[in-house]
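Chains H and P are the protein sequences, given in the same order.
Here full-length UniProt numbering is used: the first residue of the first sequence is 1, the next is one more, and so on.
Here full-length UniProt numbering is used: the first residue of the second sequence is 1, the next is one more, and so on.
Every residue, glycine too, gets a C-beta built ideally from N, C-alpha and C.
The structure displayed is predicted, hence computed values, not measured ones.
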Amino acid sequence: MKDKGTKWWIAIFLAPTLLVLGLFYIVPIITVFTTGFTDWDGFGSPAFNGLDNYVNLITYDNTFFVAIRNLFFWSLIAATLHVGFGTLVAFILYKGYFGWRFVRGVFMIPMVISAAAWAMIYKIIFNDDIGVINNLVRQLGFSGFHVKWFFESPASFWAVTFTWLFYAVYVTLIVYNDLMAIPKEIHEAALLDGAGEWQITRYINLPLVKNAIGTGIILSVTARIAGFEEVALTSGGGPGNETYNITLMLYDGLVNYEYGYANAAATVMIILGVSVMLLINRVFKMNEKVY
Amino acid sequence: MKKEYKAMLILFLSLMLILTACGGNNGASGGGNTGNEPATGTNGADANQPADEAPKEKVVLNVPHYKAGQNVGGKFFLPQVERFNKKYEGQYEIKIEEVPNDAYKEKIKLLWQQKKLPALIEGGDTQFIDELIAKDEIYDLKPWLDSKPELSKQLIADSVSYNTKNGKIYTMPLSVIRPIGLFYNKEMFEKAGITKPVAQMTFAEFEEALKQLKAAGFTPLSLMTGENAWTTMLLASAFMAAEPGGAEVLQSDRADKVSDYKDPLWIKAFAETQKWLQNYTTDNALGAAYADAANNFLNERAAIIANGTWMVGDFSDTTKAPEGFAKKVGASVYPGGVGLATTAEYSWWIPKGLKQEETEAALAFLEFINSPEELEAYMIAEGGTAPNVQQSAEFESKLDPILADMNRSVKNDMKIIAQSFGNVWPDQIGSTEFAQNLPLLVKGDLTPEKFAETLTQKAGRFK
Numbered sequence: 001m002k003d004k005g006t007k008w009w010i011a012i013f014l015a016p017t018l019l020v021l022g023l024f025y026i027v028p029i030i031t032v033f034t035t036g037f038t039d040w041d042g043f044g045s046p047a048f049n050g051l052d053n054y055v056n057l058i059t060y061d062n063t064f065f066v067a068i069r070n071l072f073f074w075s076l077i078a079a080t081l082h083v084g085f086g087t088l089v090a091f092i093l094y095k096g097y098f099g100w101r102f103v104r105g106v107f108m109i110p111m112v113i114s115a116a117a118w119a120m121i122y123k124i125i126f127n128d129d130i131g132v133i134n135n136l137v138r139q140l141g142f143s144g145f146h147v148k149w150f151f152e153s154p155a156s157f158w159a160v161t162f163t164w165l166f167y168a169v170y171v172t173l174i175v176y177n178d179l180m181a182i183p184k185e186i187h188e189a190a191l192l193d194g195a196g197e198w199q200i201t202r203y204i205n206l207p208l209v210k211n212a213i214g215t216g217i218i219l220s221v222t223a224r225i226a227g228f229e230e231v232a233l234t235s236g237g238g239p240g241n242e243t244y245n246i247t248l249m250l251y252d253g254l255v256n257y258e259y260g261y262a263n264a265a266a267t268v269m270i271i272l273g274v275s276v277m278l279l280i281n282r283v284f285k286m287n288e289k290v291y
Numbered sequence: 001m002k003k004e005y006k007a008m009l010i011l012f013l014s015l016m017l018i019l020t021a022c023g024g025n026n027g028a029s030g031g032g033n034t035g036n037e038p039a040t041g042t043n044g045a046d047a048n049q050p051a052d053e054a055p056k057e058k059v060v061l062n063v064p065h066y067k068a069g070q071n072v073g074g075k076f077f078l079p080q081v082e083r084f085n086k087k088y089e090g091q092y093e094i095k096i097e098e099v100p101n102d103a104y105k106e107k108i109k110l111l112w113q114q115k116k117l118p119a120l121i122e123g124g125d126t127q128f129i130d131e132l133i134a135k136d137e138i139y140d141l142k143p144w145l146d147s148k149p150e151l152s153k154q155l156i157a158d159s160v161s162y163n164t165k166n167g168k169i170y171t172m173p174l175s176v177i178r179p180i181g182l183f184y185n186k187e188m189f190e191k192a193g194i195t196k197p198v199a200q201m202t203f204a205e206f207e208e209a210l211k212q213l214k215a216a217g218f219t220p221l222s223l224m225t226g227e228n229a230w231t232t233m234l235l236a237s238a239f240m241a242a243e244p245g246g247a248e249v250l251q252s253d254r255a256d257k258v259s260d261y262k263d264p265l266w267i268k269a270f271a272e273t274q275k276w277l278q279n280y281t282t283d284n285a286l287g288a289a290y291a292d293a294a295n296n297f298l299n300e301r302a303a304i305i306a307n308g309t310w311m312v313g314d315f316s317d318t319t320k321a322p323e324g325f326a327k328k329v330g331a332s333v334y335p336g337g338v339g340l341a342t343t344a345e346y347s348w349w350i351p352k353g354l355k356q357e358e359t360e361a362a363l364a365f366l367e368f369i370n371s372p373e374e375l376e377a378y379m380i381a382e383g384g385t386a387p388n389v390q391q392s393a394e395f396e397s398k399l400d401p402i403l404a405d406m407n408r409s410v411k412n413d414m415k416i417i418a419q420s421f422g423n424v425w426p427d428q429i430g431s432t433e434f435a436q437n438l439p440l441l442v443k444g445d446l447t448p449e450k451f452a453e454t455l456t457q458k459a460g461r462f463k
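Written as structure tokens, this is what we have:
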């Protein structure tokens, strides 16, 4: 009887969470998935059209392949440079050098700036007339330097990349937290064994924060899959479709009343996101305890 | 057992609590952005049906609109709203909520999805309005217009015809049309030795004038490829309208959309656009937004800008242009005597399902802005002609010299009236794809033929 009572209490306390999960996650995901197989303008009833939306999404022109290519390179940059930068900052902060609190505070500032505002800031930074980048290059003696960063190929790809490349605060935070959680005894034992600072970092700290780095990679790659403002508000996916991503394809579907098409794009995004999560979980063996 | 009952009770209560918190008042189908304070008992009633009670207190309509803030249209529109509020003080009040121009159509769609459409909407996405018309979700203005013969007789017949569907008038037909032309810097023209009026030039002669301007050290055109590439699109539209057969493609009352641009007419217009962007425009045209293009002209960094007469107010605004700049500006229709205007567009509309007093307030506003005095004030401020409205004796003398210049050009030189590309393109092409692909055209990554092909393909995606 006691067991039964406990189960009831567990059920009671889980019920609100499960309800919210069901209403706000499971049901919308099922709706997105099912309406991806329909012709639906958002007004009338969805009409089943098989795989038409997926065929249209993938084969209509080269936009889908451009979006996938961009995603691949952006993910690669995110998993290496972006996460690497965030991790490096975390290790520097962990060392507690002079002024680390100030640096941490400054590094956190982007957290309070919306992605949309951030995109607009970068649009100004890369502006040919008043932007810092071009003016700096011209000051260095290249007076004819007039790259229109968001409107020329291949500059637009890199300009869009720069809008998020150094915005790695969340990576820094989770790695820093894991570093702080490493028991002091481990470091003391290493010091007694004669390990130097580099060896402690390389052979103790880095392996012990691998789960945090893995989480950072998942977060940053999925942010690339779902990224919208940094593209839509800067290059708009252009020139042509050179900086397109799947989110913009989804958006195109929405503004053109092709909700079925938009939801097919959303389904692709969900599948990609889950796949990335599973892959990185496996690569980093994140289910195993580190100590 | 007692414990289980208690557990069931708590579970039930928590579910109720969540459902109550999640649920909202979604019973009203309209008026989400309206705010008449008193409860009048007509909530959600179809405004085409008479209500039992008259409004007892002031009706406040919250109207999101792009003609506000820094938008050039706000200069006339906001004071006009104030005049309306003053006239109907204590009865009706309209409060404008600023929405960026680019976001307006999306905002309206979003409000529709939330069942919170405001009582007054100006234009919007054509496809969206067509859907609403098909679903009969827009208030029929016909009975009201029939009861206002004075108002009805001043409406432009082509516009009434365009706005009439299935015997109903869903959006307010126009009383004024404003052919869009161009503005030029007279001082620069004089220094470059250009004497022939622009409207009397052919486009070949126009190019010679551009060369003369360039030779005199001026940047001839203020073009843009950002946003919807507005100024570039206008000039290209005028070029095509001046070509043999072009005006037929862009005829002013054409209601259907063009989604194939592989015809030589289009390709020629794109080739000309490429030439202008490569040779005769400012350094910052690539990626320039409207504000940049306007700024280039207002600060005398370019000699010519294609734009509507609503821009005239900016010429004498010393926060935007140097003192005395307005005196240097001339206005004209395009080379070839082309004026760009359309009667095939949706103007103001009122959603169905509002409270009756809200609909009445909205109708009062439409009547107010279409009164002869307000139409005249509008034409004085922003230009245009109202063929069926008698102007006052002082009208001409009150007119800004630049607007008078434009009116003269329209009257004396306009031979062709056509729509701009923006009116005949599907929204996706007009708002995104044309501008997005222009940088590739400018850089030579796309030939005009390939550019036409790309746009055609894009137009076909969401047919």
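Sequence-distant residues of the same chain with beta carbon closer than 8 Å to residue i, five excluded per side
| i | result |
| --- | --- |
| E93 (chain P) | K58, V59, V60, L61, N85 |
| T222 (chain H) | G273, V276, M277 |
| G24 (chain P) | Because G24 (chain P) sits at a pLDDT of 40, beneath the cut-off of 50, its placement in the model cannot be relied upon, and the point is left open. |
| K320 (chain P) | A294, N295, L298, D314 |
Cutoff 7 Å; reference residue i; Cβ partners in own chain excluding five residues on either side
| i | result |
| --- | --- |
| G50 (chain H) | F37 |
| Q139 (chain H) | none |
| T161 (chain H) | W74, I77 |
| A21 (chain P) | Residue confidence is low: A21 (chain P) scores 45 on pLDDT, short of 50, so the model does not pin down where it sits. No coordinate-derived value is stated. |
| A364 (chain P) | Y88, Y92 |
| L286 (chain P) | T225, P439, V442 |
| G42 (chain H) | Y257, Y259 |
| F218 (chain P) | M188, A192, A303 |
| S392 (chain P) | E376 |
DSSP three-state assignment for residue i, whether helix, strand or coil
| i | result |
| --- | --- |
| G226 (chain P) | coil |
| G74 (chain P) | helix |
| A236 (chain P) | helix |
| Q251 (chain P) | strand |
| E345 (chain P) | coil |
| V338 (chain P) | strand |
| S332 (chain P) | strand |
| T281 (chain P) | strand |
| F183 (chain P) | strand |
| N26 (chain P) | At N26 (chain P), the pLDDT of 38 sits below 50, so the modelled position is not reliable; the number obtained from the coordinates is stated separately. Looking at N26 (chain P) - three-state DSSP - the assignment turns out to be coil, as it is neither helix nor strand. |
CB of residue i within 9 Å of CB of residue j, strictly
| i | j | result |
| --- | --- | --- |
| I305 (chain P) | A294 (chain P) | yes |
| T247 (chain H) | F33 (chain H) | no |
| N163 (chain P) | S347 (chain P) | yes |
| V66 (chain H) | N241 (chain H) | yes |
| K115 (chain P) | D140 (chain P) | no |
| G337 (chain P) | A199 (chain P) | yes |
| A119 (chain P) | A361 (chain P) | yes |
| D39 (chain H) | K458 (chain P) | no |
| T234 (chain H) | K123 (chain H) | yes |
| W276 (chain P) | L221 (chain P) | yes |
| G308 (chain P) | E382 (chain P) | yes |
| Q436 (chain P) | G236 (chain H) | yes |
| Q428 (chain P) | D52 (chain H) | no |
Beta-carbon proximity list for residue i, same chain, < 6 Å, skipping 5 on both sides
| i | result |
| --- | --- |
| S316 (chain P) | A326 |
| F284 (chain H) | K210, G214 |
| K67 (chain P) | G73, G74, F77 |
| L440 (chain P) | L446 |
With 16 other Cβ atoms within 10 Å as the buried cut-off, status of residue i
| i | result |
| --- | --- |
| F239 (chain P) | buried |
| Q80 (chain P) | buried |
| K95 (chain H) | exposed |
| D129 (chain H) | exposed |
| F107 (chain H) | buried |
Return the chain-ordered ranges of every beta strand (DSSP E) run that is complete within the region 112–151 of chain H and spans a minimum of 3 residues. Counting only runs of 3 or more, we get nothing.
Go through the region 358–422 of chain P residue by residue and report every complete run of the beta strand (DSSP E) that reaches 3 residues or more, in order. Here the runs fully enclosed are 416–418.
Pick out the complete alpha helix (DSSP H) segments inside the region 96–121 of chain P, 4 residues or longer, and give them in chain order. 101–113
Can you list, in chain order, the stretches of the alpha helix (DSSP H) that have 4 or more residues and sit fully within the region 40–112 of chain H? 52–59, 63–77, 83–95, 100–108
List, from N- to C-terminal side, the alpha helix (DSSP H) runs of 4 residues or more that fit wholly inside the region 150–211 of chain H. 155–165, 169–180, 184–192, 197–200
Which runs of the alpha helix (DSSP H), 4 residues or longer, sit entirely within the region 280–321 of chain P? 290–298, 312–315
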